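> Please read through the structure below; I'll follow up with questions.
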Amino acid sequence: MSTSARSQRLPITGLSSPKNFVFGSLAFLLAAASLYLFLSGYLKLVESRIKSSDREIQDIVASISLEEVEKVITLDAQIRGLKKLLPNHFYLSSVFDFLENNTNPKISFKSLKVSTLNNQIILSGTAKDLQDISIQAAAFKQHPDIKDVILKDVSNIGLAYNFQLELLFSKSLILIK
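Residue numbering for the sequence shown is 24 to 200, as defined by this note's numbering.
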């Protein structure tokens, strides 16, 4: 076969010519060089911002006195201590809220004794009739934090009845909610 026949059988396409390969390589080289220059410039910008931020932090640290740092550390320790203590702290004023919300207006309490060791509230009171006392005991018994209600020492004094109620409560009644 002659060379003219070979050239007719294997046509050279425009994509695989050496000229296109050189131009494609050159375009890729220019794109890579541009990307490299952009990234190196961005790196310098980021490094300068980091140095600037470091200088600002050092200036702030220099302006804070050792006494202020000690106060912050002490305050942090106190806050951590409170987080441990508060869940177990008794909130006895909640007993007054409980009584205010659950006492029959026909009942008068004369004394209150709260024992956190026994989970017990002892109330001494007066009422005009026995029905008011029983309604009051039932009202306390319905509260979810009251485990038991014990009625004691009911006595008739003139036109009224004196009585004593013993309420056994769960700790949730006096813990901070």
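Cβ coordinates follow ideal geometry from the N, Cα and C atoms, glycine included.
This one's a predicted model, so the numbers in the text were calculated from it and none came from an experiment.
Which of helix, strand or coil does DSSP assign to Lys136?
strand
> For the putative contact between Ser116 and Lys133, defined by C-beta atoms under 8 Å, what is the C-beta separation to the nearest angstrom?
About 20 Å; that fails the 8 Å criterion.
> Should Val84 go down as buried or exposed, given a rule of 16 or more other Cβ atoms within 10 Å for buried?
A residue is called buried when at least 16 other Cβ atoms come within 10 angstroms of its Cβ; Val84 does not meet this threshold and is exposed.
> Please classify Thr126: does DSSP put it in a helix, a strand, or coil?
coil
> Using 10 angstroms around the beta-carbon of Val95, count the other beta-carbons present and answer buried if the total reaches 16, otherwise exposed.
exposed
> Please report the straight-line C-alpha distance between Leu153 and Asn124, rounded to a whole angstrom.
21 Å
> Assign Arg29 to buried or exposed, taking buried as 16 or more other Cβ atoms, counted over all protein chains shown, within 10 Å of its Cβ.
In this prediction, Arg29 has a pLDDT of 48, which is less than 50 and means its spatial position is unreliable; nothing more can be read from the coordinates.
> Would you list the residues sitting across from Ala55 in a DSSP beta bridge?
None, per the DSSP bridge assignment.
> Spatial neighbours of Gln165 within its chain, please: CB distance less than 6 Å, with the 5 preceding and 5 following residues excluded, ordered by chain position.
Once the five neighbours on either side are set aside, Gln165 has no close Cβ partner at all.
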